[in-house]
Every structure is written in C-alpha cells, then in structure tokens.
Amino acid sequence: MEEAPVHAVQKNGFASHTSRPSGSIATCEDDGSSDDPPPIPCAGSSSYLTSQSVGETRLNNPNKNHHHVHHDPAEVHTLAHTLASGQVAEQLETNVEQGLTTQEATDRLRQYGHNKLETSGGVSWWRILLRQVSNSLTFVLAIAMILSFVTLDFIEGGVIAAVICLNIVVGFVQDFRAEQTIQSLLAMAAPVCRVIRDNGTSITINADELVPGDVVVLAVGDIVPTDVRLTSTINFATDEALLTGESKPCTKDAEASLEDMDSPIGDRINMAYSSTNVTRGRAVGIAVSTGMKTEIGKIAELLKDKDATTEKEGFWLLRAGRKILFNVKSALGLIGTPLQVKLSWFALLLFALAILLAIIVFSANAWDVDDETLIYGICTAVAVIPESLIAVLTIVIAVGSKAMAKSNVIVRKMGALEAIGGVTNICSDKTGTLTQGKMLARKAFLPNGEHMVVQNETGPFDPTSGEIAPQGVTLTEQSASQNQQMRDFFHTISLCNLATVTPPSAQGGDATAAWTATGEPTEIALQVMAMRIAYGKQQVLDREGLSLITEHSFDSSIKRMSVIYQSHDEKHLEVFTKGATEVLLPLTDVPVSARQAILEQADSMASQGLRVLCLARRQLPITARDSVDDRASIEQQLTFAGLVGLYDPPRLESADAIRQCQAAGITVHMLTGDHLKTATTIAQEIGILGPHVYGSMTSSSVMVAQDFDKFTDEAIDDMKTLPLVLARCSPSTKLRMLHALHRRGKYCVMTGDGTNDSPALKGADVGVAMGMNGSDVSKEAADMVLTDDNFASIVSAIREGRRLFDNIQKFLLHLLTSNISQIILLLVGLAFQDRRGISVFPLSPIEILWANLITSSFLAIGLGLEEASADVMLRPPHSLSTGVFTTELIVDKFIYGGITGILSLVCYVIVIEGVGNGDLGHDCNESYNETCDLAFKARGTAYAIMTVQITLMALEAKHLTLGLFNMHSEGNAFTGFFRTLYKNKFLFWSSVVGIITPFPAVFIPVVNKTVFRHLPLTWEWALVFGSSILFVVLVEAWKAAKRVKRSRAERKRQVVNTEKQVEKSEESSIV
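Here this note's numbering = 1-based position in the sequence shown + 112.
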C-alpha cells in the first residue's frame, strides 16, 4: 500500500515527519507553510495549554480508573465558566495534552449517549387529517349523511358527503405544512470535528461520537460540535447569534475568570457553544456536555412537542389520564386559537341543539319514526348547522394570508392570522428586529472638547446620506482639513480599518443597486463616517501618499488594533490605533489629571447605549521601521485622537409601528440579549419607554434578566406592571416572561430571528420570525414569517387580523341568521301535517343545503373580504373571553333570524290556509304526487323568501350598526349605496347571483319537483318581494334603535367624564 507522510505529534509537543498507510487520518498541525493563523499545538505546548499539571498528575497515577467520570457532566456544564480550565479537566478526568483513550471514549459514549438532538416525531399527515374530521360540525353532518343513505335519499346524502369532503380537503391542504423544528436544529449540527485522543493524536470523528471530557480542536470555519470550556485561545471568536441574538462575533478568552454562575451566555467568554460558528482564530477546549444537555439541546427540549413530553412524566395512570384528556379536547377542537376554541364550543352547542330538535320532531310525530319523520329530523339537524362555516372560514383566512404575503408577511399556520388580531402584548427581540442589525457611528468627542453628532442618516452603508455636525454646524471636507484634531480623528478611523464600502456605481451600473460593505460592522460604521466628508481610506491614501507597512490585528487580550503607514517622502511613519478606552488611554500622553474627564465622556456616551472606542495616533521617525513588529514599543506614547460612539440604529419604521401598537392598546416589550444601557436607549428612542426613566419606574420598566429570574412566580405576579425592557435575556427568561403575561390573561406575540428565540416563538400565542436574517429554526417554530424583517410589518399583520376578526363576525351573523330562520320555520312547521298526520316540512333538505351552501357560502366569503374599518387600529384588542360571540352579535342573529323566519312562516301559512284549502296531501316529504300541489307551492314560496332575504341580510351585515343606505362616506344615499356595494365586487356579484338563483331552482322542470321538491310560483312572487321589502324596513329600524341607544350611552359617558374633570379641577384649586 502506498504510504503518505503525516505529522505525528510527540509528547514534547513538536511534530516529527513520519509515514503512515495512505488513507489514514493525519494528525494535528503542519510545518508552518500554511497561510492560516499560527496553529495552536494540539499536544504538549505549555505556551497555550493550561491544564498541563492536571494531565501530569493523571499520567503519574496509572492505577486510576480513567473511564469513569466522578463528576456529573451536567453539574460541570453548569459551573464550567466559573471554573479554571484545569479544574474542569480534573473533574471530567481528562488530559488536555493527551486526550481520552479510545476505551474511555467508548465507555463514556455508552454511559452518556450520542452527541445528537432528540426529535419528537413531528406532525404526521394522518394526525392533520384526523384534526379535520374531529369536530362537532362534521359529526352532525356525518350522522345526517348516514341517515340519508339509510333512507335511500341518495341526492341529499351525496350533497352532505360532498360538503364533508370539501371541508376536510380545504382544511387539510392549508394545515399540511407540518412543523419540522427539531430537524432544523439537526441540520445546524456539526457533522465532524477534530479531537485529541490516545496520547495526543488529533483525529477527525463524527460529531455525534463526542463525549464529555473529549479535547476538541477548533479553527476558523468550524461549527462548534458541543459545549466546550476553552483551555487555550489565539485571537479566537465565535458567532453566537443563534443563542444570544447579537450579530457581533464574540471574542473568547480561555483565561477569563467568571464568578457569577448565572451570567448570560453572551458574557461567558471562556466557553464555546454547540452549533455556533468559529469566525476567527483557533482554540482548544474540553467538551463539558453533549446532546440534549448542551445549550442548543436545551432549546431543542423546549421546542419538542409539549404534550409528547408530558405524556412520559408521572405515574402511569396520570399519564394515561392526561393523554385521554388531550385526545378528547383535540377531537372536540378545544385546543387552538381563541376563535378556534370558541367555534368548537359553539359547534358542541349546535350538536346538542341538533339532537334536541330531532327529538322534538320525533315527539311531535308521536314517535312514529318512519322514513318521512326521519327525513324531517334530518332537515332540522341540517338546518341548525352552518355547513359552509368551516370551508368559508378557511378560504377567507387563506385569502387573507395571500394578501399578507404581498405585505411581506408569510402566514405558516392559518389560525395565526385571526389570532394576531386579538393580541394584547408583543415581546420583541431587539437586534435585527427593532434595530437594523448593523452599526452606525453616532457621536464623537475630540481632544479639544468639541463634540460631533451624525444625524439624518438613512442607510448604514450609504455615506451620501446624513451629515456630521460639530457644534450644530454641518462638517465638510474643507472645514475638517483646516482643523488638525479633526484631521487626526478622521485619519485614524479611516486608516485603522479593514472594511471596504462600495458605491452602486461599482456594481455593474445597476440603477437599483445600493451601497454595500464588507468587514466587521464596527469598522464599516467608522469607514462610512469618514467617507461622509471625503476621508475614506482610499481617498486619504491617495491624498496623503501613505503606504501600509504593517498591521497589528485586534487582540482580545489587549483590546486594541494598530496600523503603521510610511509617508510619501519616506521620512517618517504614521501609527494609528483604536481600542477600548480603559486600555488605550493609559498608553497616550494625556496627563493623568486630564484622563478622568475623558473617561467621564466615555461613560456618558456608554450610558446612551453607544459602544465607545478610543482613538490615538503617533508619528515616528523612519528609523523606527526596523522595530515596527515590536508591538509594545509602537503602542506607547500615543497622542489621544478622540472618542467615537457607535450603535445599532433602530429601523426607520420601528418608532411609528410602536406608536400604532400603543394606539391600538397593545403593549410592546423589548426582550434582548444586549446590555441594559443599550437596550434602554433604543427603547426610549423608538417609544417603548418614555424619554426619561426615573426612580421606582426603573425597576418596574427596565430590568436585567438575572434580576427578573430571581423572582418567584408569585413575586412576578405581584408586580404592578411587567418590565417593558428585559436586558441580557436568555431563552428561559423569555419563556418566563410569556408565562407571566399568560397568567395575567394576556394574549402575546413573540418576534425574533435567532435560534435562541425559538422556544419563545413556539410558546407564544403567535410567533413571528424574521425571514431575511432569521434562522431556519426560528422560522419553523413561528406561526408567521416577515420576509422583510421589518417590525412595521407586524402592524400590517395585526391590522389584517383585526379586519379578519370583524369580517368573521359579519359572516357569522349572516350564516347564523339563516340557520335560526330555518329552525323557526321548521319547528313551527311541525304543526302542518298531511292526511296521515305526518308533519310536512316547510323546507326540504336540499333547499336547506342549497341555501346554506350555495347562496350563503359565496355571500359569506364576500363578507370575509370586506375592507378594514377606519378605526380598526384605534380601538383596544377585542375581549378574549367573549371572542367573536359578543352580546351584540348574539342578539342581532336572533332578531334578524326571527324576522326572516317569521316572515317566511307567515307567507307559508298564507299560501296554505289563506289561499289554499289546507290540504297537504300525503307522502309529500319524499316525492311529488298529485296531492302535493299545495305543499310544494308553499314550500317553494318559503324557499324563495328565505333565499332572497338571506341575500339581503349579507348586505345588511356589512356593518353592524350603520343602515344599508348610509354606509357610504360620500355622495347621496342612492349612488353611495351602489358605490359602496360595488367596491366589494365579490360580494356584489354574489348578491346578484343570490337574487337570481331562486328563479331557475323554482322553474326548471324535474329539478324543481325531483331535487328541490317544490313547484313553480305564480302570484306567490308578490309575497316573496313584498316580505323582502318589509324585512329591510324592520332590519333598518332595529339598526336605528341601536344607533340611538349607542348615541345616548356616548353622551352619558361624556357627561360623566366632564363631571370627573370638574371634580379634579376643583380638588386641584383647593390644594
């Protein structure tokens, strides 16, 4: 076999050239020919690895049983960031130099399991199908279908079967997108990783084979395979946005000492976490936990199906009881959004009512339940059910979802669209959601005490927008060049900078292109600031003739960066440095007595939520060129060049969106992983907080998550108000906040973009994820996704949800009015019996189904498409306890249903008793015979009246209080009526069809007698249209009465408010 050379790592830490069979796994690091950053030795290098003594102790004790971990990895994981790396190695019985042996790794893998995330199985298609079938409305229709087929009424049975299939298919198609949240987490996991095992050999293994105590080697581009306590770092940083939500890479330091066990993940700089990305440098660390015990595993646990989890907990009898209860509630539809639950209870009521009415029918016929009586019972059961309700609701929500997609909101779960209309609180992430997720330079301070402010900027990458205003005067290139301190400031931020900003003109001449940038967000912000006055890096280099000599990259241990340039005449060197104020200021020539004033300026800028950098420069003779690599000698005796404050700016639309939420009675909370000062500043800027937060309000409105987590649930519930801003938030804190809001009866939205937001997104009543910068996990956990990542789109979603809620009330009123009128007609119609004493139904089953499905359905869909009212975002959220079934809706449906039912009944009686002889023949419920003329004529009259008045009711339902002829906003009553009606074209044409459909149904031969079981009308049309005019008059009278009552109540409220204001004024004057 051909042999390939590799580098075997010896115990002394140096690599020796050897050979190994081709295909074997190569060992640790190379011979230095790589262009990558210097490697961290994988074994034995005492320069970097900090647990050497621990390893030696272990090696000197050969009798020790190494494959048993004496300390629970879960406990070590909890404390790892507070322990020295040597202590972690000792407690996990590992050796950073040598790693675990193969046998130890095998034993631990058997003990602790594979390093992978568990799944809960997701949602299967058959469960979705079962959810569509399992509701009371479908149960009633299924019973009616079975009885129809039993009585050989195949037309009616077929129609009902079609209705059931339509409801199931529409609902199934809309709900088929089953959640695959855990699969997204699995996709993020690292497939392979490098570890040190078996006497210091670096090998590549599958990430799921990692065990606690493994020594993991990390480099740029790696996905961290598990939670690691770092033991050695070289310029090492990771992107932890999926855990913390913060876009800036987190610089790590293995030597950092942390004391607080509860410190936020973002502050644990001596740890690297599973599924985060290595953005810079290299590191070595010890795996302290694996699989579901990692931080990402905790999120996966929170995202698992709650019911699937609780089913496995507790005594078997309790588990069985919980499972049965859950399945029963699911079958009855009592789990879901408030509307879904309300409609499910309503369906149960209708189910019970259908049974009661059937009993009444059988009782009225002396319990002689033959086919005709059974069909009559089916009629009443069908009449009580709004058969098209499920399909109409699903279609209307689907249409609303399609409209929302045009407004950059993708609705993943149909129920979320109506649910979001009732939200009372929004819990929002900050970075990338309320803010742009990019850095902007906001303020600057010069050595002479002068301040500069960047204002009116419209884009983080566009230097042509905004202006720099020192002392309130706009700065220009000319004015800056005349001020040496300004020149030094702008030279420093421009040249000590690796970012590049590209104008649209450099992007292929695309007229729609925008400014783009590459580099660290902080450096991009500084470069854009300099370019605003023509001090961009290339502009300065061309103007000054400087050439780069060397660069000292940012080092997290000393928190600064420097670059050195040579002048065009090669007579001197220019040093430019930036870094943390507390580190850089002592290296400048600023007198100690004057440093306090600068530090106070830095603190003042930091209190405004700004990230503050200190700038400095130095000029050296050309003879210093030979020592430019000596960083310590270069970065001293610097000249202070100023301070610059940067921040992640709010989105331009956020402030207005929050104002609209507040006007709509919705409270916005900011839950962020950022620092308290930054979060408070942004919250004040966009209006979540007032401009000033004083005294006791500070503790109630603004809080650090650590303090919030220390409260018990009882203490949180005793708070007068919950915090509006929670800083340094973890996923568990966000969930506690949601639970606290739920205990107060609030209905909550959670917005977010990071994986760390996913548990809260799933736990919220409505979860809203960001589509552009959001993780796949957050999108899968959410109910809605914003394709433009714009918080303002939330307002559009809420407006659409409220519009949908209003329209659901409208078409419910329309559908239920029809059902009530049919019940009245059928129940009273029991008194009209044929020659054999069998009740003759005033409406046949097909007439009822036609009215409820064909006529009413399209009208209901039209009502569901009505535009939002002008005040839809100026009123508080609707009551979650009453939902759509308000007192007004309930009263209205009985009034309007009663009017239609009584008018139909009166006309039905006129045809039978007023004009006819009262003889209803025999066997007229099943088919036509020569004795059925009067019964079929009366039935046709009742059907035509019912159909026309149902159509008119749809027009009246466009507004619950305004009359049919004063819903318009301009023009006279006649033209305004038609203008308003035609504005909703679907409703308009549905109304036209609704008025026309009785004619073919009544006049077409065979169809009228065989299918509908009625005869053509003649003089009876006068009753149809006369009663319909009376219907409009009576409905308008009822609406007028409601307006008068509402007007009186409003005047009374105004009088009471005026009296209260007078009392307050008198009390104030007395004081």
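Don't be surprised by glycine CBs; every beta carbon is placed ideally from N, CA and C.
Item                                                                                                                  : Value
L468 versus L939 - alpha carbon distance                                                                              : 11 Å
Cβ distance (whole Å) where C841 is taken to contact G785 below 8 Å                                                   : 6 Å
Collapsed DSSP secondary structure at T213 in the structure displayed                                                 : coil
Rounded straight-line distance, which links the Cα of A478 to that of L253                                            : 25 Å
Same chain, Cβ closer than 8 Å to L1129, five either side skipped, listed in chain order                              : K1049, G1052, T1053, A1056, V1114 and V1136
Q1193 - DSSP class collapsed to helix/strand/coil                                                                     : There is no way to answer for residue 1193, as the model of the chain reaches only from 113 to 1183.
DSSP state of S981 mapped onto helix, strand, coil                                                                    : coil
When W962, D667, M373 and R947 are compared against T190, the one with the closest alpha-carbon                       : M373
Contact set for G533: own chain, Cβ-Cβ below 7 Å, skip 5 residues either direction                                    : I910, G913, R914, L916 and F917
Proximity to L195 [Cα-Cα], best of P337, M383 and K228                                                                : M383
Assumed close pair I936, L836 - CB separation to whole angstroms, cut-off 8 Å                                         : Not quite, the Cβ-Cβ distance comes to about 52 Å (not below 8 Å), so this is no contact.
Residue burial classification, F1090 (beta-carbon count within 10 angstroms, cutoff 16)                               : exposed
Per DSSP, cross-strand counterpart(s) of C860                                                                         : N537
Beta strand (DSSP E) segments (min. 3 residues) lying fully within the stretch 609 to 663                             : 612 to 614 and 628 to 630
Distance, Q774 Cα to N537 Cα                                                                                          : 10 Å
Collapsed DSSP secondary structure at N318 in the structure displayed                                                 : strand
Backbone CA spacing between W962 and S930 [nearest angstrom]                                                          : 12 Å
Cβ shell of F953 (< 7 Å), same chain only, five flanking positions each side left out                                 : Y488, C491, L938, G941 and N1037
8 Å Cβ cutoff met for T751 and R723                                                                                   : no
Status (buried if at least 16 other CB within 10 Å, exposed otherwise) for N609                                       : buried
Close-in-space but distant-in-sequence residues of the same chain around K649 (CB under 7 Å, 5 per side omitted)      : S606, L607, N609 and Q639
The beta strand (DSSP E) enclosing P733, as first and last residue numbers                                            : R723 to P733
Residues of its chain near L660, where Cβ-Cβ distance is below 7 Å and the 5 sequence neighbours each way are ignored : V675 and Y677
Exposure of P871, with buried meaning 16 or more beta-carbon neighbours within 10 Å                                   : buried
First and last residue of the uninterrupted alpha helix (DSSP H) at T1061                                             : Strictly speaking, residue 1061 in this sequence is Gln, with Thr absent from that position. D1045 to E1068 is the span of the alpha helix (DSSP H), which, as asked, contains Q1061.
E686 versus V652 - alpha carbon distance                                                                              : 13 Å
Proximity to Q945 [Cα-Cα], best of L1046, N1096 and T545                                                              : L1046
Beta-carbon proximity of D768 to A904, cut-off 8 Å                                                                    : yes
Exposed unless 16 or more other CB atoms sit within 10 angstroms - verdict on F277                                    : A quick correction: the sequence has Cys, not Phe, at residue 277. It is exposed - the Cβ of C277 has fewer than 16 other Cβ atoms within 10 Å.
C841 in three-state terms, based on DSSP                                                                              : coil
Chain C within 8 Å of Q731, Cβ atoms only                                                                             : The chain labelled as chain C is not found in the depicted structure, where only one protein chain is given.
C-beta atoms of D760 and Q548 nearer than 8 Å                                                                         : yes
Neighbour-count burial assignment, T1063, 16 or more Cβ in a 10 Å radius                                              : buried
Outcome for V576 when other beta-carbon atoms lying within 10 angstroms are tallied against a minimum of 16           : It is Thr, not Val, that sits at residue 576 in the sequence shown. With fewer than 16 other Cβ atoms within 10 Å, it is exposed.
Spatial distance of D821 from V1168 (CA atoms)                                                                        : 43 Å
Closest residue to S933 among M1058, A881, P733 and T614 (Cα-Cα distance)                                             : M1058
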